[in-house]
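**Student:**
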Amino acid sequence: MSRIVVTGIGIISAIGDSAESNRLALQKGLCGVTSIELFSTRYASLLPFGEIKLSNEILKSQLKVTAKSVTRTSLLAQHAFEQAIKDSHLSTEEITSYDTAFINGNTVGGMCLTDELYQDANRKSTASPFVTSYDLGSVTLYLQELYNIHGICNTINTACSSSANAIMYGARLIKQGKAKRAIVGGVDSLAKFTINGFNALHILSGEKCKPFDQNRSGLNLGEGAAFLILEREEDSINKKIYASLSGYANTNDAYHASSLSDTGEGPYEAMAEALRIANLQASDISFINAHGTGTENNDLVESVAMKRLFQSPPPFSSSKSNTGHTLGAAGAIEAIYSILSLQHQELYPSLNFQTPIDETGFAPLQSFQKSTVKHVMSNSFGFAGNCSSLIFSAI
Amino acid sequence: MFYIHQSSCITAQQAFVDPTTETITESVENKLYALDTNYDSIPPNILRRLGKAVKMGIATGHALISKHPVDGIVIGTANGGLEDCIKFLNQIIEFDEGRLTPTNFVQSTTNAIAGQLGIMSANKGYNITHVHRGLAFENALIDIEMLLQENPSNTYLIGGVDEISEYNYTIEDLAGAYKKEIISNTHLLQSTTAGSIAGEGAAMFIVNNNKAGARAAVKGIKTIHSSDPNDLAVQLAAFLQEHLQNESVDLFISGKNGDIRLDKYYELSASLLPSTTPVVYYKHLTGEFFTASAVALWLACNVLEADLFNRLLSIPPSSKANNILLYNTSKGNQHSFMVISKV
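As structure tokens, then:
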């Protein structure tokens, strides 16, 4: 079986609007988590967020979008989507061909327009331009129509692991001959809806998140988008190949709607199954881009699961300390960070760490380093127990 | 190809539960609410906190997996628990982002149904929620096709669920999805105006690769995105050739929903079959919703097995269905075909 390889990447996050700018920020340990400037919420100055400091007007003019109905979520997605297809030199014929699939992970959709949605849903006035742009599928369908994509299109919501599952679904479509290439990834924008939801669960931190620190105090929400082009290696002979997607897994923790089990059954099984699919041993993994949200529950459980699987884990870090937690985009953004590690043979540090968690004593990588990187594991765990792990390997 | 072994379904119609029921539940103000009763499989302490989509999903899903263990759970829902979503949204605005309770937020995420089913059955296997609007259930079926190729000895739960909430009814209505005039569902298919009527429901299936004892075979599933009828015609012809070769379609289950703007797609797809092929409709019984094709699949399984639903669906008594074609379109730009066959 031919390997599934990555031939194009596109990304926008709070630390950069391209793969190169994200890489530089990761190398320097820059943090994009700040006060909110671009939309109104009472938490704008109370809590920090990984906000992309490009207004919708600027994004629209950069993307040459004039339609009123296009939401911020769709704009961020379009930015990353266009970078990825350009990077992979996909032709119009290839994009519109019936054997090109497009799979998008998303949890917020057009609900970034919380106030407009309130008006429309309660019929407070005449229809806003956004009435067909609120659902999760709307983001995918906007790009599907814009680019006239004919192949299998799908939108997946497994909460914080959505885009990891989008990547996995695309790879499986190619392996099963249902697509020749797949544009895969995800997007989410900051929304009052999610800010208030996570705040009601008391898991938003008032300070910059401290993944894997004993004194961590919660997560910072962020926004972003990332897409990857997946193809068979044999179809990519004359193309730039970043890495192969060697392993993937989807499991469920089956414990609680919004927290993980003490023993980390779902995370453990996801990591173990991804290793089985990749035909690798735990000791083969060079680096882990952890889920590492900075919440009390996640970081302890993820550490416990890593200890069960690896005994002593390889270097790991959480780039959510750079970008905030971008929910549906997180799996794809962190997949691209994993790919950059493989491409440039370098490891990016976790920020704001001081004290290891008592139960495991694990410390994330705290400084940028050049290193031999062969296989990178990327974890994404979500509400409803949805756990996924991806493994990318050097070519 | 894979096989359906067990199924369960909740819609507005008591006649789907008991085919001897003489009456058809009628729509009220262009809405066909699903029966809100058969929740025996949900423990009362859990039931109390659930919105209708989650209730319907768990009732149909748990009824199956509590008796038939599965290796994974694959759900299609365009919107999940929207009533919880708007309850939380309204709290945000009306309490000006004040102190809010998280219950509605947690229930409102579209993956709550698959997650809750996983928790209730302690199922740590594959668990996913496809939310691609009018092709959410179809993508779940494509996922199942792949899962059963990858893991040939596994068994999975697959289902489709969506609810009518004030929220999505209003939004969809503002977008022109429903009729401006109030009509009865019993006249839906004769309508000559734009829009349909709202519906809701859930249908779940236990599927695997075992032919023995199966109720139906899913021979093929295909989705396309296009508003061009020519694309539809070309793809449907190729689909039938691929999955039926020289066999005939004995029955056509059409997703026609009374929206005159979509009639051309349903007429075109029917015109590609011999004019003698019986055509069956169901959306006057279920109303329109993004995962209505899950209910169509449930009906197809029943029609293949016995003639219990022939009267309700106006199927000619003489017809013997071996192969059923299902076609559905959502808003004219998302289309799906399925072929379901006798085992």
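In order, the protein sequences belong to chains L and P. First residue of the first sequence: 1, per the numbering used here; consecutive thereafter. First residue of the second sequence: 1, per the numbering used here; consecutive thereafter. Virtual Cβ for every residue (Gly too), placed ideally from N, Cα, C.
With a threshold of 8 Å between beta-carbons, can PRO102/P be considered close to chain L, or not?
**Tutor:** As a position in the second sequence, residue 102/P is number 102, starting the count at 1. Taking Cβ atoms only, chain L reaches closer than 8 Å to PRO102/P, which makes this a yes.
**Student:** For the alpha helix (DSSP H) holding GLY186/L, just list the boundary residues, first then last.
**Tutor:** Stepping through the first sequence from its first residue, residue 186/L is reached at position 186. No alpha helix (DSSP H) contains GLY186/L, which is instead part of the beta strand (DSSP E) from 181-188.
**Student:** In three-state DSSP terms, what is ALA202/P?
**Tutor:** As a working note, residue 202/P is residue 202 in the second sequence. Looking at ALA202/P - three-state DSSP - the assignment turns out to be strand.
**Student:** Can you pull the chain L neighbours of PHE105/P, defined as C-beta to C-beta under 7 Å?
**Tutor:** Residue numbering aside, residue 105/P sits at position 105 when the second sequence is read from its first letter. Correct list: GLY197 and ALA200.
**Student:** Note down, in chain order, every chain L residue with its Cβ under 9 Å from the Cβ of GLU97/P.
**Tutor:** Start at 1 with the first residue of the second sequence, and residue 97/P comes out as number 97. Those are THR41, ARG42, TYR43, LYS192, ILE195, ASN196 and ASN199, listed as they occur along chain L.
**Student:** Examine the Cβ distances between the stretch 150-169 of chain P and the stretch 201-219 of chain P and report whether three or more of them are shorter than 8 Å.
**Tutor:** Because the criterion of three Cβ pairs below 8 Å is met, the stretch 150-169 of chain P and the stretch 201-219 of chain P touch.
**Student:** Pairing CB atoms from the stretch 189-201 of chain L with CB atoms from the stretch 29-45 of chain L, are three or more of them under 8 Å?
**Tutor:** Enough Cβ pairs lie closer than 8 Å, so yes.
**Student:** Compute the Euclidean distance between the alpha carbons of ALA294/P and PHE137/P, then round it to the nearest angstrom.
**Tutor:** In the second sequence, residue 294/P corresponds to position 294, counting from 1. In the second sequence, residue 137/P corresponds to position 137, counting from 1. Rounded to the nearest angstrom, the two C-alpha atoms are 6 Å apart.
**Student:** Which residue wins for smallest C-alpha separation from LEU47/L, given the options GLY8/L, LYS28/L, LEU204/L and SER21/L?
**Tutor:** Numbered from 1 along the first sequence, position 47 holds the residue referred to as residue 47/L. When only C-alpha atoms are compared, the closest one is LEU204/L.
**Student:** Step through the CB atoms of chain P and report whether any lies within less than 8 Å of the CB of PHE383/L.
**Tutor:** Stepping through the first sequence from its first residue, residue 383/L is reached at position 383. Answer yes: the Cβ-Cβ gap between PHE383/L and chain P drops below 8 Å somewhere.
**Student:** Considering ALA175/P, what are the terminal residues of the beta strand (DSSP E) in which it resides?
**Tutor:** The sequence position of residue 175/P within the second sequence is 175, counting from 1. First-last for ALA175/P: undefined, no H or E at that position.
**Student:** Between the Cα of GLU83/P and those of THR110/P, SER66/P and LYS67/P, spot the shortest distance and give me the residue it belongs to.
**Tutor:** Along the second sequence, read from residue 1 onward, the residue named residue 83/P stands at position 83. For GLU83/P, the nearest C-alpha among the options comes from THR110/P.
**Student:** Helix or strand or just coil, what does DSSP make of CYS9/P?
**Tutor:** The sequence position of residue 9/P within the second sequence is 9, counting from 1. Strand, per DSSP.
**Student:** Of the choices ARG48/P, PRO44/P, THR101/P and ILE113/P, whose alpha-carbon is the least far from that of GLY76/P?
**Tutor:** What you label residue 76/P is simply residue 76 of the second sequence in a count that begins at 1. With distances taken between Cα atoms, GLY76/P lies closest to ILE113/P.
**Student:** Buried or exposed: which applies to LEU24/L, given that a residue is buried once 16 or more other Cβ atoms fall within 10 Å of its Cβ?
**Tutor:** Here the question's residue 24/L lines up with position 24 in the first sequence. Under this definition LEU24/L is an exposed residue.
**Student:** Against MET146/P, what residues of chain L qualify as contacts under a CB-to-CB distance less than 7 Å, listed in chain order?
**Tutor:** Numbered from 1 along the second sequence, position 146 holds the residue referred to as residue 146/P. By Cβ distance, chain L contributes ARG172 and GLN176.
**Student:** With H, G and I counted as helix, E and B as strand and the rest as coil, what does DSSP make of PHE39/L?
**Tutor:** As a first step, residue 39/L must be located in the first sequence, where it is residue number 39. Coil.
**Student:** Can you give me the start and stop residues for the alpha helix (DSSP H) that ASP393/L sits inside?
**Tutor:** By 1-based counting over the first sequence, the position of residue 393/L is 393. In the sequence as displayed, the identity of residue 393/L is Ser instead of Asp. Not the alpha helix (DSSP H): SER393/L falls in the beta strand (DSSP E), residues 386-393.
**Student:** HIS68/P by DSSP, collapsed to three states: which one?
**Tutor:** By one-based count along the second sequence, residue 68/P stands at place 68. Coil.
**Student:** When Cβ atoms are compared, which residues of the stretch 117-130 of chain P fall closer than 8 Å to chain L?
**Tutor:** Under the 8 Å Cβ criterion, the stretch 117-130 of chain P contributes GLY118, ILE119, SER121, ALA122, ASN123, LYS124, GLY125, TYR126, ASN127, ILE128, THR129 and HIS130.
**Student:** Would you kindly work out how many angstroms separate the C-alpha atoms of THR23/P and ALA140/P, rounded to a whole number?
**Tutor:** Position 23 of the second sequence, counted from the start, is the residue given in the question as residue 23/P. Position 140 of the second sequence, counted from the start, is the residue given in the question as residue 140/P. So the alpha carbons of these two residues sit roughly 33 Å apart.
**Student:** Taking 8 Å as the CB-CB cut-off, is VAL131/L touching chain P?
**Tutor:** Position 131 of the first sequence, counted from the start, is the residue given in the question as residue 131/L. Interface residue, yes.
**Student:** Quick one: which residues of the stretch 138-151 of chain L get their C-beta closer than 9 Å to a C-beta of chain P? List them in chain order.
**Tutor:** Against chain P - using a Cβ distance shorter than 9 Å - the residues of the stretch 138-151 of chain L are SER138, THR140, LEU141, GLN144, GLU145, ASN148, ILE149, HIS150 and GLY151.
**Student:** Applying a beta-carbon distance threshold of less than 7 Å, which residues of chain L neighbour ASN30/P?
**Tutor:** Position 30 of the second sequence holds residue 30/P. The contacting residues do not exist; ASN30/P stays about 15 Å from chain L at best.
**Student:** Let me know the secondary structure DSSP gives PRO314/L once reduced to three states.
**Tutor:** Here residue 314/L refers to the residue found at position 314 when the first sequence is read from its first residue. PRO314/L: coil per DSSP, three-state reduction.
**Student:** Assess contact between the stretch 344-358 of chain L and the stretch 206-226 of chain L, defined as three or more Cβ pairs (one per stretch) separated by less than 8 Å. Is contact present?
**Tutor:** They touch, by the three-pair rule.
**Student:** Nearest-angstrom Cα distance between GLU267/P and GLN334/P?
**Tutor:** Within the second sequence, residue 267/P is the residue found at index 267, counting from 1. Within the second sequence, residue 334/P is the residue found at index 334, counting from 1. So the alpha carbons of these two residues sit roughly 16 Å apart.
**Student:** Beta-carbon of SER196/P versus every beta-carbon of chain L: anything under 8 Å?
**Tutor:** On the second sequence, residue 196/P is found 196 positions in, with the first residue counted as 1. No, SER196/P lies away from the interface with chain L (no Cβ there is under 8 Å from its Cβ).
**Student:** Please confirm whether THR170/P has its beta-carbon closer than 8 Å to some beta-carbon of chain L.
**Tutor:** Here the question's residue 170/P lines up with position 170 in the second sequence. By this cut-off, THR170/P is an interface position.
**Student:** Kindly list the residues whose CB is nearer than 7 Å to the CB of TYR167/P, restricted to its own chain and excluding five residues on each side of it in sequence; keep chain order.
**Tutor:** Mapped onto the second sequence, residue 167/P falls at position 167. Excluding positions up to five away in sequence, the list reads LEU82, GLU83, CYS85 and ILE86.
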